[in-house]
Structures are given as C-alpha cells and as structure tokens.
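To start, the structure itself, in structure tokens.
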Amino acid sequence: MSRRAVPPRNAYVNCLSVLLLNFCWKLTSALDCTPTTTISSVQTTTLGPGVLVPNAPTSHWCTPLQSPFNFNNPATWPLTGDDPAGLDNKKLTALHLDPSANPAVADYIVRKYNCRRSQANPRASNMLQMVWSSSAANLAAKWGAKCLVNEHDPGNPTTPDGVPCNQNLISSWPNPLTWNVAIDGWFEEWRMFVYGDPGMLAIYHEIGHYTLMMWAKSFYLGCAWANCSNTHNFICNQCPDGNAGDLSVPYATGSPCAQCPNNCDGGLCTKHCVAQNLYSNCDALDSTYKICSNIAYSGYAVSCPATCTCAGAVY
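Going letter by letter, the sequence shown gives residues -30 to -1, 1 to 285 in mature numbering (1 follows the signal peptide of the UniProt record, and there is no 0).
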C-alpha cells in the first residue's frame, strides 16, 4: 500500500492499492538443447540463440573479468549471448551452479544481472546496481529445497531485517541450465515489453520476469540452485520487491545515472537506501515544508526515513 501525506490543516491520506505480481516460468530442455518455455498449457515459445539486445550500451558489467573461457572458472563465463559451443550441460555440477558452494558463482550471477540491468531499453536514469544478499539467497534455497517444479514462493519472502522480496524461478529437466541461460530466459521477455504501454498488465505473464529484473529500486539479489532428481530449479529473489504498481514503468527513463551522477558505475546507481518511506510524496513534503529539519513536522520525518537519511540515494 502506498500512502500520500501532507502536513496538518490540509491533511489527507490517499491510499493507492498496489498490485504485487510474482511470476514463475517453466523451461524444458529438448534433446537438441534448444530450451522451450511453457507459458501456459496452450502457448509455447522457443528461445532463439543468445539474447542480444539491439543498440545495447557498452558497459564493463558485460565483460567477463577474465579470459579466455574456462568451464570451471565463473569469472570467464559469458555475460551476453550463447554459452560457448560444445558446452556439455551434463557436466555441470554444484561448483558451476550452487552459489552457496562456490562464491564465484554468486559473483557471476550478480555481474550477469548488472549487465542486463545496464542494457535497459529505453535507457534507465535510476537503475540501481545489484549486490549479493545472503539472506535473500537463503530464502531462495529454502524454497528451492521443496522441489516444486514451476512454483514460486507465494508468501512474498522477507529477509530477516524486514526487506520484502519478489522471486523469479525457472526449471529445467533432465539436465541443468547454465546461469547464463537461466537468467537470459527471464531477460528474453524484453522482446514483448513496451515501456509506458498500459497494456503491459494484460500480458504480465509474458513480460513479468523481465520487468522484475529491470525494477530499478531493487538492489539486493540472492539466488539458489536446487537439484531435484531429474529437475533443476533456479531461483532468484530480488529485494526490495518489484512489479508493484505500474508494470510498464519499472524504472525512470533518461541518461544512465542521471538521477545519481555522483554515485555511478557502468550506468548503474551505486547508492541505495534500505529505509523505505511510508508516504509516496515524502520528497515533495521535505522540499516544501522541510519536514526532515523542522521539529514541528517531526512526525512526518519519522514516516519518511529514506528522504531524511538517504540523501543522494535512489529509493
């Protein structure tokens, strides 16, 4: 719920209902290793070769930290496009897939996410850089251990420090995917997305994974892999939760980092704020009434912690 507040004598609260959408997606691996996504019982879509975004900006996030490619070194894995030719998914193990077993896998997942977030089209002016959250990852692992194919956590998982999360999930069988392909399975939905189009809500099942990835104000990322006999679940939690309100506007458009010129890395804003305002118009209140410094409005300051404590951050 989003609330709007103004100071006394002209006070009113306008409560807006927020639609929280969680999505899960089933991915199957055919014998020729061409993944096919089952969106519904009657609609299927075949993913083409690696996801290459037209006119995508150049960002260091999309360059592997090391080269050449080494199957056992996540720092060399591709961040855009296909997996290397000849890669045998049957040889993927926990050391390639489980971020809790290999921290380098967690580093790769974060870098892959940041690469794709830096490629928002149209460009994003307030896209936050993702950082790894062990709490969010533990929640993802806990859900993955249930081995429920094609089912996300319906409870909107919340980290121990109270930050709400949303979840993307993808399943494959009989062989695992690489994280490169799993994450691009969600990102692939950019092809259906039209920024600002109110019709996006009607096709949320076709674009919801993408909009969650592109939710600018999410900054914690925690993912897990679950080996469930012949099925493999890949789960990522993003926090604070996204896909709330207008699904067609997951971020603000503009030059990269326009809203964070002093806190920018590769087109992504680096200063986030854990505190969350209770009112939607806190910034306007402080601009007009100086609620953060005027003791007469201290009650409003308590309800606007992001505005009052996170100068220069995206929130």
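A virtual CB, placed ideally from N, CA and C, is assigned to each residue, including glycine.
Going by CA-CA distance only, name the one from the options that's closest to residue i.
i: alanine 55; options: Ser70, Phe39 and Tyr267; result: Phe39
i: asparagine 213; options: Lys260, Gln137 and Pro127; result: Gln137
i: phenylalanine 157; options: Ala276, Lys82, Leu238 and Ser142; result: Lys82
i: lysine 116; options: Ser104, Tyr174, Gly125 and Cys198; result: Cys198
i: tryptophan 195; options: Asn84, Thr50, Asn42 and Ala110; result: Ala110
i: tryptophan 31; options: Asn200, Asp235 and Asp58; result: Asp235
i: serine 205; options: Ala107, Cys85 and Thr128; result: Rather than serine, the amino acid found at residue 205 in this sequence is isoleucine. Here the closest residue by C-alpha is Ala107.
i: valine 119; options: Pro34, His202, Cys85 and Gly269; result: His202
i: tryptophan 113; options: Ser142, Cys278 and Cys193; result: Cys193
i: lysine 187; options: Asp154, Thr240 and Ser225; result: Thr240
i: glutamate 121; options: Ile140, Arg87 and Cys135; result: Ile140
i: serine 225; options: Ser218, Leu217, Gly237 and Val219; result: Gly237
i: cysteine 135; options: Ile177, Asn126 and Ile173; result: Asn126
i: isoleucine 153; options: Ser263, Asn264, Asn84 and Ser257; result: Asn84
Using beta carbons (cut-off 8 Å, strictly below), is residue i in contact with chain B?
i: leucine 217; result: Looking for chain B here will not work: only one protein chain is present.
Here's a check: name, in chain order, each residue in its chain whose Cβ is nearer than 7 Å to the Cβ of residue i, leaving out the five neighbours to either side.
i: glutamine 13; result: Unreliable positioning characterises glutamine 13 in this predicted model, as indicated by a pLDDT of 25, which lies under 50. A coordinate reading is not provided.
i: proline 92; result: Tyr165 and Thr223
i: alanine 90; result: Met97, Met184 and Tyr221
i: threonine 261; result: Checking the sequence, you will find isoleucine at residue 261 rather than threonine. Same-chain partners within the cutoff: Leu255, Tyr267, Tyr270, Ala271 and Cys274.
i: aspartate 253; result: Thr277
i: tryptophan 102; result: Ala76, Val80, Leu191 and Gly192
Quick check: is any heavy atom of the ligand ADP less than 7 Å from the C-beta of residue i?
i: aspartate 154; result: With respect to the ligand ADP, the structure offers nothing, as it holds no ligand at all.
Leaving aside the five residues before and after residue i along the sequence, list all residues of the same chain whose C-beta is less than 8 Å from its C-beta, in chain order.
i: proline 44; result: His66, Asn72, Ala74, Val75, Asp77 and Tyr78
i: residue 289; result: Since the first and last residues shown for the chain are -30 and 285, residue 289 lies out of range.
Output needed for residue i: all residues of its chain with C-beta closer than 6 Å, excluding positions within five of it in sequence on either side, in chain order.
i: cysteine 243; result: Ala276, Cys280, Ala283 and Tyr285
i: proline 48; result: Asn150
i: residue 306; result: Residue numbering for the chain in the displayed model covers -30 to 285; residue 306 lies beyond these limits and cannot be assessed.
i: serine 105; result: Thr129 and Pro130
What residues match up with residue i in a beta bridge as DSSP calls it?
i: leucine 138; result: Checking the displayed sequence, the identity of residue 138 turns out to be asparagine instead of leucine. DSSP, once it has assigned bridges, lists Cys206 as partnering asparagine 138.
i: leucine 238; result: Asp235
i: alanine 94; result: Thr223
Decide if the stretch 229 to 239 is in contact with the stretch 93 to 107; the criterion is three or more beta carbon pairs, one per stretch, under 8 Å apart.
yes
Quick check for students: name the residue ranges of the alpha helix (DSSP H) that lie wholly in the stretch 99 to 125, counting only runs of 4 or more.
104 to 114
Under 8 Å: do the stretch 167 to 176 and the stretch 238 to 254 share three or more Cβ pairs, one atom per stretch?
no
Hey, is the stretch 177 to 190 in contact with the stretch 148 to 162, meaning 3+ C-beta pairs nearer than 8 Å?
yes
Please specify which runs of the alpha helix (DSSP H), each continuous and at least 4 residues long, are wholly inside the stretch 153 to 235, giving them in chain order.
174 to 183
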